[in-house]
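Each remark here refers to the structure printed beneath this line.
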Amino acid sequence: MNISVIGTGYVGLVTGAGLAAKKHNVICADKSSEKIATLQSGGLPIWEEGLEEILKEAKAQQAISFTTNITQAIQKSDLILIAVGTPSLADGDADLSQIYNIGSLIARESTTDKIVVLKSTVPPGTGDNLKTLLNESSNHGVTFEVVSNPEFLRQGSAVSDFFYPSRIIVGCSTDEARKAMEQLYKSFPCTIQFCDRKSAETIKYAANSFLAMKISYMNMLATLSEELGADINEIKEGIGSDPRIGSDFLNPGLGFGGSCLPKDIKAFMKTGANHAVPMTLLQEVLKINEKQPDLIINKLKSFLGTLKGATISIMGLSFKPNTDDLRDAPSIKLVHHLLEEGATVRAYDPLVHVYPLDEVSLFPDPYTTVEDSDAVIFVTEWDEFKSLNWKSIVSNLRLPLILDGRNMFELKEMKKIADQHDLIYCSIGRPNIY
Ligand code: NAD
0 MNISVIGTGY VGLVTGAGLA AKKHNVICAD KSSEKIATLQ SGGLPIWEEG
50 LEEILKEAKA QQAISFTTNI TQAIQKSDLI LIAVGTPSLA DGDADLSQIY
100 NIGSLIARES TTDKIVVLKS TVPPGTGDNL KTLLNESSNH GVTFEVVSNP
150 EFLRQGSAVS DFFYPSRIIV GCSTDEARKA MEQLYKSFPC TIQFCDRKSA
200 ETIKYAANSF LAMKISYMNM LATLSEELGA DINEIKEGIG SDPRIGSDFL
250 NPGLGFGGSC LPKDIKAFMK TGANHAVPMT LLQEVLKINE KQPDLIINKL
300 KSFLGTLKGA TISIMGLSFK PNTDDLRDAP SIKLVHHLLE EGATVRAYDP
350 LVHVYPLDEV SLFPDPYTTV EDSDAVIFVT EWDEFKSLNW KSIVSNLRLP
400 LILDGRNMFE LKEMKKIADQ HDLIYCSIGR PNIY
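If you're matching positions, the sequence shown starts at 0 in numbering that gives the first Met the number 0 and goes up one per residue.
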């Protein structure tokens, strides 16, 4: 199929590369000339495991090209996938200006019938509105169908999620669009759920809100667990082994971040409000999430007293492991708080080499980072932290205080290490180790 993907970010680039690997002809179009120049010269504007390899192969097969000429991309394609951003407005609603800008361009420039596929996460009803806009402002008497095909890939495992999705959701209203989507996804090893557009759009928000709800629920339990002197990881294992609950997404910690969960929950709450359905459950989910970084700060203060003049090392800055993405990362909230309290902040992240706050000094490895620090906070659960040389960490620290914001380490293991190296280990919802 001749496909264009408009918006070459995390979703658009992985989708474009993946579809090219599946033998479709793909044009990836973006308004950012910098991004497109990087891609044309063989570079990558983002890091995702396996992305470089599939892009190289797709380029070698001449199955993919990159352009800033969006009009040309539109005119050369039968299927247009929209993967532009839908950030939060000040009132929490989704900013759909990027979607409608592309919609107007498609309406103006299309000279043949098109199927327009919304990959971006949008409030229920957006697909219907886009279809009206396209068909009412069509310049050349062409017909448009709009499909809602929300994306569920996770940053950090986006390429593998693309090829092995848990399910594919397609919301459309014509047989022709349904057939095109069956053709697009014919070799994917999962079921395609066909439904109406509004249901498809709602599924995306409902799924992300549910996942966020699991995290905040566990964070609430972790706070109670600390008061009780219980161990949240035992509680997690005990409830997660009930198949009705499931063991995924039950990790307490510094809270969720990233470019999707916080914004999608806010937009979903706005959808509820627009239809006079109070989504107060989600309000609590966000409230608990906001508080999580403060819990670590309070623990830190309980040992150090004031943070004024203290030096704190941060391990991991990205919003989750295996990505370089800092959008809405919990590290940012935490670092702001530390700086406001007068601390000096040093940091290390395997993939983040530029940080939006100049006051933070970045170091090339964990050991030089912790030099002369009063405490270390583990913020992102990168695998490489699991094989740290604790002797070197402790000997470089001024005070041997370790705060684990992701419960990365086993209590038993940390007890052994604490006995050998005389450190203090605090995590979330579990007893401290001295
Ligand atoms: P992103 O910011 O990485 O990429 C968006 C791209 O769109 C940017 O490169 C931008 O330059 C481009 N763009 C904006 N306006 C344009 C225009 N008029 N013409 C051409 N290009 C334009 O965003 P993302 O993380 O890929 O997310 C895209 C959408 O997918 C959002 O709605 C998001 O909620 C959703 N989503 C994201 C993820 C994720 O993990 N990042 C997962 C599922 C769904």
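Don't be surprised by glycine CBs; every beta carbon is placed ideally from N, CA and C.
The model shown is predicted, which means the values in this text are computed figures rather than measured ones.
If distances are taken between C-alpha atoms only, which option among the options comes closest to residue i?
i, options, result
"Ser391", "Leu410, Phe408, Arg405 and Thr368", "Thr368"
"Ala272", "Ala59, Gly91 and Gly17", "Gly91"
"Lys58", "Lys21, Ile81, Lys30 and Thr70", "Lys21"
"Leu227", "Asn24, Thr7 and Arg429", "Arg429"
"Leu132", "Gly124, Ser103 and Pro123", "Ser103"
"Lys319", "Val158, Gly252 and Tyr433", "Gly252"
"Val344", "Ile313, Thr270 and Gln182", "Ile313"
"Ile98", "Ala89, Ile73 and Gly126", "Gly126"
"Gln154", "Asp174, Ala179, Gly245 and Arg326", "Arg326"
"Glu52", "Val158, Ser360 and Arg107", "Val158"
"Glu380", "Val146, Arg405 and Leu333", "Arg405"
"Phe151", "Leu38, Lys113 and Val10", "Val10"
"Ser365", "Leu356, Lys269, Asn1 and Val375", "Here residue 365 turns out to be Pro, not Ser, going by the sequence shown. If we check each option's Cα against that of Pro365, Val375 comes out closest."
"Val169", "Phe162, Ile101, Lys178 and Tyr163", "Lys178"
"Asn1", "Glu144, Ile311 and Ser64", "Ser64"
"Phe187", "Tyr424, Ala266, Ile167 and Leu210", "Ile167"
"Gly256", "Asn207, Leu223 and Ala28", "Asn207"
"Leu18", "Gln282, Asp421 and Ile79", "Ile79"
"Thr110", "Ala346, Val141, Ala82 and Lys118", "Val141"
"Cys27", "Ser76, Glu370 and Met217", "Ser76"
"Leu54", "Thr67, Leu38, Lys203 and Ile296", "Leu38"
"Pro329", "Ser147, Ala82, Leu294 and Phe193", "Leu294"
"Met212", "Val83, Ala62 and Lys265", "Lys265"
"Cys259", "Gly84, Ala309 and Pro363", "Gly84"
"Gln60", "Gly49, Pro349 and Ala16", "Ala16"
"Asp373", "Met278, Phe408 and Ala342", "Ala342"
"Pro164", "Cys171, Asn148, Thr173 and Asp174", "Asn148"
"Phe143", "Ser301, Ala176, Lys118 and Ser119", "Ala176"
"Ser215", "Asn100, Lys235, His420 and Asp323", "Lys235"
"Leu350", "Phe193, Ile244, Ser360 and Asp323", "Asp323"
Could you check whether the Cβ of residue i sits closer than 7 Å to any heavy atom belonging to the ligand NAD?
i, result
"Leu152", "yes"
"Asp29", "yes"
"Tyr99", "no"
"Ala82", "yes"
"Cys194", "no"
"Lys34", "yes"
"Lys449", "Missing from the structure shown is residue 449; the chain here goes from 0 to 433 and no further."
"Thr379", "no"
"Ile69", "yes"
"Tyr9", "yes"
"Gly170", "no"
"Ile2", "no"
"Gly428", "no"
"Ser165", "no"
"Gly17", "no"
"Cys259", "yes"
"Gly6", "yes"
"Ile201", "The residue you asked about is not Ile; residue 201 is Thr in the sequence shown. No; taking the cut-off as 7 Å, the Cβ of Thr201 has no heavy atom of the ligand NAD nearer than that."
"Thr85", "yes"
Which partner residues of residue i appear in the DSSP bridge assignment?
i, result
"Arg345", "Ser312 and Ser360"
"Asp403", "Phe377"
"Gly170", "Ser147 and Cys194"
"Tyr163", "Per DSSP, none; premise fails for Tyr163."
"Lys113", "Phe143"
"Ile214", "In DSSP, Ile214 forms no bridge with anything."
"Ile432", "Tyr424"
"Ser87", "Ala93"
Note the first and the last residue of the continuous beta strand (DSSP E) segment covering residue i.
i, result
"Gln192", "Ile191 to Cys194"
"Asn1", "Asn1 to Ile5"
"Tyr99", "Note, Tyr99: premise wrong, no beta strand (DSSP E); alpha helix (DSSP H) at Ser96 to Glu108."
"Ala57", "Ala57 -> not in any beta strand (DSSP E); alpha helix (DSSP H) instead, spanning Leu50 to Ala59."
"Asn250", "Counting along the chain, Asn250 falls outside any beta strand (DSSP E), and DSSP gives it neither H nor E."
"Val83", "Here Val83 belongs to no beta strand (DSSP E), and DSSP marks it neither H nor E."
"Ile461", "Beyond the ends of the chain as shown, which are 0 and 433, falls residue 461; an answer cannot be given."
Can you tell me where the alpha helix (DSSP H) holding residue i begins and where it ends?
i, result
"Val369", "Segment: none, Val369 is in no alpha helix (DSSP H) and carries neither H nor E."
"Gly17", "Tyr9 to Ala20"
"Ile234", "Ile231 to Gly239"
"Phe65", "Taken as a continuous stretch (DSSP letters only), Phe65 belongs to no alpha helix (DSSP H), being part of the beta strand (DSSP E) at Ile63 to Thr66."
"Asn297", "Thr279 to Leu303"
"Ala28", "Run containing Ala28: none in the alpha helix (DSSP H); it sits in the beta strand (DSSP E), Asn24 to Ala28."
"His335", "Pro329 to Glu339"
"Leu133", "Thr125 to Glu135"
"Val393", "Trp389 to Asn395"
"Glu33", "Ser32 to Gln39"
"Gly256", "Element bounds for Gly256: n/a, residue is neither H nor E."
"Gly271", "Leu260 to Asn273"
"Gln154", "Gln154 -> no alpha helix (DSSP H), and no H or E assigned at all."
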